[in-house]
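Participant:
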Amino acid sequence: MNKYRDNLISGLTNELAPVRTFAMRDGAALVAAASVVTLAAVMLVEGLGARVFQGQAAPFFWITNGLLLLLGLASAGAAIALASPGVGSRHDAPKWAAAMLGVLPLAALISVFSRVGTGEIVFDLSALHCFVASLASALFTGGALILWLRRGAPVSLESAGWFTGIAAGALGTLIYGMSCPIDNLTHMGIWHVAPVAVAALIGRLAVPSLIRW
Amino acid sequence: MIADEATLARLMAAAQKGDKPAYNVLLSEAGMWLERYFRRRVPPHQLDDLVQDVLMALHAKRNTYDRSRPFLPWLAAIARYRWVDHLRKVYKHESDLLEDNDAYVDSDEDVIEARVSLERLFVHLPSSQAEAIELVKIEGLSIHEASQKTGQSESLVKVNIHRGLKKLSALVEKA
């Protein structure tokens, strides 16, 4: 071994201090806290839909939000795990969850195109508001995941970007969705899924450069 | 003789608690392991720089090692990440050739090392991309020389290097 490496090892050894090891639960707690903050912000700005608590929401409302929850949890879990690297790690759960959610817009579009007046059905009055508010609701969760990844040692930057975007988009849309007054198939299947796709794309493009080390 | 997986994992766990003698041994052993790990994929004069770079990364990110998991796949993931980064930065026209240490490495590889080796990454690349990276980024040929040797046009060599490195970085943990 050469003297340069010896010197380096001596230097690193001398500055060694105990460290708190990474634990998945810390990352999960961070994401949970961000989600609570998002929920509080949505309640403050939008208020929660009364029909949610009165049991008046359509079954499709629960199906969509249930799938968003599964996708959000699976993706957040994958993003959290990516902060601690390891050859052989695989994260397939979010892909299956995303495929399941992807059925919704397909069903909505098939339903829409089998009727007349397609444009009016697809672009309802709340469409743009839901889209923008869902993306805004993704900010806290996305920020929490980026913070977590920056503290860690992610080596699969593109995957981390995708999963961060999908998790933030799914959880943000889910939380905002609690206040949305529209629960038909077309609206939920398109305008409560499109923000997830856009957030995923933003995550893929923006996150890698923020977590590179 | 490099320490086995269980010993390295034990040393790393002790190092996370602040045990300096254990950490000193770990870094020395990890340094030797990395030297052997990179030997066939890095020109000799760049080898020590890369090993030191990974040791510093190990130090900076030591909190991310999960004690319930094996140590070498964690170290190998960091080593691969820094290696791909190194390939991106490496000077494009070096004429040094690699030392022929294949027999030594092959005879001493155990199951874990084979699982995490750099060779496994290249298996997943199309041969044209792997060849372009090997010739230009590892053996140090110029784009023109690599073009003549492979029969690919110069622009195709560049494209293959770009695409190959992109794919390698996506494979760091998977392959």
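Which chain is which? The protein sequence lines are B and H, in order.
Sequence positions in the first sequence follow this note's numbering and run 769 to 981.
Sequence positions in the second sequence follow this note's numbering and run 153 to 327.
Note that beta-carbon positions come from the ideal geometry of N, C-alpha and C, so glycine has one too.
Keep in mind it's a predicted model, so treat the numbers as computed, not measured.
(1) Strictly under 7 Å for the Cβ-Cβ distance: is W235(H) near chain B by that measure?
(2) If I follow the unbroken alpha helix (DSSP H) through D171(H), where does it start and stop?
(3) Touching or not, the stretch 217 to 224 of chain H and the stretch 163 to 180 of chain H, by the rule of three or more beta carbon pairs under 8 Å?
(4) Which of the three DSSP states, helix, strand or coil, is assigned to N833(B)?
(5) What residues from chain H crowd round R788(B), counting only those whose CB sits closer than 8 Å?
(6) Between I934(B) and G971(B), which are expected to be in contact by the criterion C-beta below 8 Å, what is the C-beta distance as a whole number of angstroms?
(7) From A228(H) to P873(B), what distance separates their C-alpha atoms?
(8) How big is the Cα-Cα spacing for L202(H) and L896(B)?
(9) At a Cβ threshold of 7 Å, is V311(H) touching chain B?
(10) Quick one: grab the DSSP three-state call for D951(B).
(11) Is S857(B) close to chain H? Criterion is C-beta to C-beta, closer than 7 Å.
(12) Terminal residues of the continuous alpha helix (DSSP H) containing S894(B)?
(13) On the three-pair Cβ rule with 8 Å, is the stretch 898 to 916 of chain B touching the stretch 957 to 968 of chain B?
(14) Is it buried or exposed for K241(H), if we count other Cβ within 10 angstroms and need 16 for buried?
(15) Verify whether the separation of the beta carbon atoms of T725(B) and S902(B) is less than 7 Å.
(16) At a Cβ threshold of 7 Å, is R773(B) touching chain H?
(17) Report yes or no: is there a C-beta of chain B within less than 7 Å of the C-beta of P196(H)?
(18) Ignore the nearest five residues each way along the sequence and tell me which others in K310(H)'s own chain have a CB closer than 7 Å to its CB.
(19) Output needed in chain order: residues of the stretch 918 to 942 of chain B with a Cβ under 9 Å from some Cβ in chain H.
(20) Do the CB positions of P862(B) and V923(B) come within less than 7 Å of each other?
(21) With C-beta atoms as the reference, is Q168(H) less than 7 Å away from T789(B)?
Facilitator: So, to answer that:
(1) Taking the second sequence and counting its residues from 1, the one referred to as residue 235(H) is at position 83. No - not a single Cβ of chain B is within 7 Å of the one on W235(H).
(2) Within the second sequence, the letter at position 19 stands for residue 171(H). D171(H) -> no alpha helix (DSSP H), and no H or E assigned at all.
(3) yes
(4) Here residue 833(B) corresponds to residue number 65 of the first sequence, with the count starting at 1. N833(B): helix per DSSP, three-state reduction.
(5) In the first sequence, the residue the question calls residue 788(B) occupies position 20. Within chain H, the residues near R788(B) are N215.
(6) As a first step, residue 934(B) must be located in the first sequence, where it is residue number 166. As a first step, residue 971(B) must be located in the first sequence, where it is residue number 203. Their Cβ separation, rounded to whole angstroms, is 7 Å, which keeps I934(B) and G971(B) in contact under 8 Å.
(7) Translated into the one-based positions of the second sequence, residue 228(H) becomes position 76. Translated into the one-based positions of the first sequence, residue 873(B) becomes position 105. So the alpha carbons of these two residues sit roughly 41 Å apart.
(8) For the purposes of this step, residue 202(H) is identified with residue 50 of the second sequence, where counting begins at 1. For the purposes of this step, residue 896(B) is identified with residue 128 of the first sequence, where counting begins at 1. Taking the straight line joining both Cα atoms gives about 51 Å.
(9) Locating residue 311(H) in the second sequence gives position 159, where the first residue counts as 1. No, because no Cβ of chain B sits closer than 7 Å to the Cβ of V311(H).
(10) The residue given as residue 951(B) occupies position 183 in the first sequence. Three-state result, D951(B): coil.
(11) Position 89 of the first sequence, counting from 1, holds the residue named residue 857(B). Cβ-Cβ to chain H under 7 Å: yes for S857(B).
(12) Counted from its first residue, the first sequence places residue 894(B) at position 126. That residue, S894(B), is in no alpha helix (DSSP H); it is neither H nor E in DSSP.
(13) yes
(14) Working through the second sequence from its first residue, we reach residue 241(H) at position 89. Exposed, because fewer than 16 other Cβ atoms sit within 10 Å of the Cβ of K241(H).
(15) One cannot answer for residue 725(B) here, as it falls past the ends of chain B, which runs 769 to 981.
(16) In the first sequence, residue 773(B) corresponds to position 5, counting from 1. Chain H, which has a Cβ nearer than 7 Å to the Cβ of R773(B), makes this yes.
(17) Here residue 196(H) refers to the residue found at position 44 when the second sequence is read from its first residue. Judged by the 7 Å Cβ criterion, P196(H) is not in contact with chain B.
(18) Numbered from its first residue, the second sequence carries residue 310(H) at position 158. Cβ within range, chain order: I295.
(19) R919, G920, A921, P922, V923, S924, L925, E926, S927
(20) Taking the first residue of the first sequence as 1, we reach residue 862(B) at position 94. Taking the first residue of the first sequence as 1, we reach residue 923(B) at position 155. Contact flag unset, no.
(21) Here residue 168(H) is taken as the residue at index 16 of the second sequence, counted from 1. Here residue 789(B) is taken as the residue at index 21 of the first sequence, counted from 1. Yes, the pair counts as a contact, with Cβ atoms nearer than the cut-off.
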